[in-house]
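Enquirer:
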């Protein structure tokens, strides 16, 4: 029987990433206590949660038959390109234009989605980023390009 290697591999990758994050945070930061949590408490908890979710994906896949799946090259390239654009353009274009550009690039390969859907998604995500990071958390991010500040 051919196992579901796709879910097995990605579940194992999530579990190992979670364990690595939890292990690093546990070794590097003070955990504190439940009453007074230290800086390591949250990353350790999230790392263990990620490891548990990865196990929930990987363990059932060991007994489930799988089928070969093609690798999603266009989607992967679009997401990597969007991340690179975000990292390179944030200081020059500001968080609003960079977020909009990033969402447009990442959603360019969305199957069966038109331009209207992409524009609505872009406006919604950009507004959410502005509300959460600029207004809510008061982060010192450049909102607009340097010429418009």
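Numbering (our numbering), first residue to last: 15 to 163. The C-beta atom is built at its ideal place from N, Cα and C for all residues, glycine as well. From a predicted model like this one, the values you see are computed outputs, not experimental measurements.
1. Closer than 7 Å by C-beta to residue 39: which residues in its own chain qualify, once you throw out the five before and the five after it? Chain order, please.
2. What is the DSSP secondary structure of residue 79, reduced to helix, strand or coil?
3. Can the beta-carbon of residue 109 be found closer than 9 Å to that of residue 147?
4. Here's a check: name, in chain order, each residue in its chain whose Cβ is nearer than 6 Å to the Cβ of residue 18, leaving out the five neighbours to either side.
5. Does the distance between the C-beta of residue 148 and the nearest non-hydrogen atom of the ligand NAP fall short of 8 Å?
6. Note the first and the last residue of the continuous alpha helix (DSSP H) segment covering residue 131.
7. For residue 29, is the classification buried or exposed, using 16 other Cβ atoms within 10 angstroms of its Cβ as the cut-off for buried?
8. DSSP on residue 17, reduced to helix/strand/coil?
9. Over the uninterrupted alpha helix (DSSP H) stretch that includes residue 156, give me the two end residues.
10. For the candidate residues 119, 127, 113 and 124, whose alpha-carbon lies nearest to that of residue 157?
11. Is DSSP giving residue 66 helix, strand or coil here?
12. Residue 51 bridges to which residues according to DSSP?
Expert: The structure says:
1. Counting from 1 along the chain shown, the entry for residue 39 is found at position 25. Cβ within range, chain order: 54, 57, 58 and 61.
2. In the chain shown, residue 79 corresponds to position 65, counting from 1. Residue state, collapsed to three classes: strand.
3. For this step, residue 109 is matched to residue 95 along the chain shown. For this step, residue 147 is matched to residue 133 along the chain shown. In this structure, residue 147 lies closer than 9 Å to residue 109 by Cβ.
4. Working through the chain shown from its first residue, we reach residue 18 at position 4. Hits under 6 Å: 75, 78 and 80.
5. By its list of ligands, the structure shown contains no ligand whatsoever, and the ligand NAP lies outside what it can speak to.
6. As a working mapping, residue 131 is identified with position 117 in the chain shown. That run of the alpha helix (DSSP H) goes 129-143.
7. For the purposes of this step, residue 29 is identified with residue 15 of the chain shown, where counting begins at 1. Buried, since its Cβ has 16 or more Cβ neighbours within 10 Å.
8. Reading the chain shown from its first residue, position 3 is the one you call residue 17. Looking at residue 17 - three-state DSSP - the assignment turns out to be strand.
9. Sequence index remark: in the chain shown, residue 156 carries index 142 (1-based). For residue 156, no alpha helix (DSSP H) encloses it, and the DSSP letter there is neither H nor E.
10. If you number the chain shown from 1, residue 157 lands on position 143. Here the closest residue by C-alpha is 113.
11. Here residue 66 corresponds to residue number 52 of the chain shown, with the count starting at 1. Here residue 66 sits in helix by DSSP.
12. Residue mapping note: residue 51 aligns to position 37 of the chain shown, counting from 1. According to DSSP, residue 51 bridges with 46.
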